[in-house]
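Chemist: This is the structure I want to talk about, given as structure tokens.
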Amino acid sequence: MKIAVVDDDKAICEAIAQLIKNQESEAEVCQFSSGKEMLETGENFAISFLDIAMEEMSGLELAGKLRQEQERKGWVKSILIFITGYREYMEEAFDVNAFHYLVKPIDEEKFSKVFRRAWKEVSALEEQSKKYIVKKLWHTAENISKRYLLHCKQQ
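See below:
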């Protein structure tokens, strides 16, 4: 599972990456010092940990761009977790469907609980995608069991 950590403070980025690796050694953690750097990869990470206060692009702006890209490309919405020193952005974070909002300094026990929930959610979605295909039409979605499909062609 690919996980992104975006923070312009390298020490914090590395600390978060280590917390992730301590819980899930097989996780592929990619560290970025800016939102622009993350967007340039063109990847849809399963889980993204985003700082809010960054110089080039805020984490909230990055989250908005990620959601637009996911919608445009028909990708599954990734899990966004904000890690920041600012409580006042919490309401805005949930406008982009944030999974959670953690305040620095990071409480390792709280981080562990939030990460474990996020990991389980992504794992459940991956398991479901093996069994079902999602048919989207405008603003509705329907799960169709793959065992009933005779032929399917991606556009």
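Last residue of the sequence shown? That's 167 in the numbering used here, and every number before it is there in order.
Where is the CB? At the ideal position from N, CA and C, for every residue including glycine.
#1: Can you tell me the Cα-Cα spacing of residue 15 and residue 78, whole angstroms?
#2: In terms of alpha-carbon separation, which member of 71, 54, 63 lies closest to residue 84?
#3: Report the rounded CA-to-CA distance for residue 70 versus residue 139, giving the unit in angstroms.
#4: Could you please give the first and the last residue of the uninterrupted alpha helix (DSSP H) stretch that includes residue 22?
#5: For residue 126, does the three-state DSSP call read helix, strand or coil?
#6: Can you give the Cα-Cα distance for residue 48 and residue 72, rounded to whole angstroms?
#7: As a quick exercise: from 127, 101, 115, 98, pick the residue whose alpha carbon is nearest that of residue 35.
Modeler: Walking through what the data contain:
#1: Distance between the alpha carbons of residue 15 and residue 78 is about 14 Å.
#2: The candidate whose alpha carbon is nearest that of residue 84 is 54.
#3: So the alpha carbons of these two residues sit roughly 33 Å apart.
#4: It spans 22 to 35 - the alpha helix (DSSP H) in which residue 22 sits, taken as one unbroken run.
#5: Correct three-state label for residue 126: helix.
#6: Each residue's Cα considered, the two are about 13 Å apart.
#7: Selection 127, 101, 115, 98 evaluated against residue 35 yields 127 as nearest (Cα-Cα).
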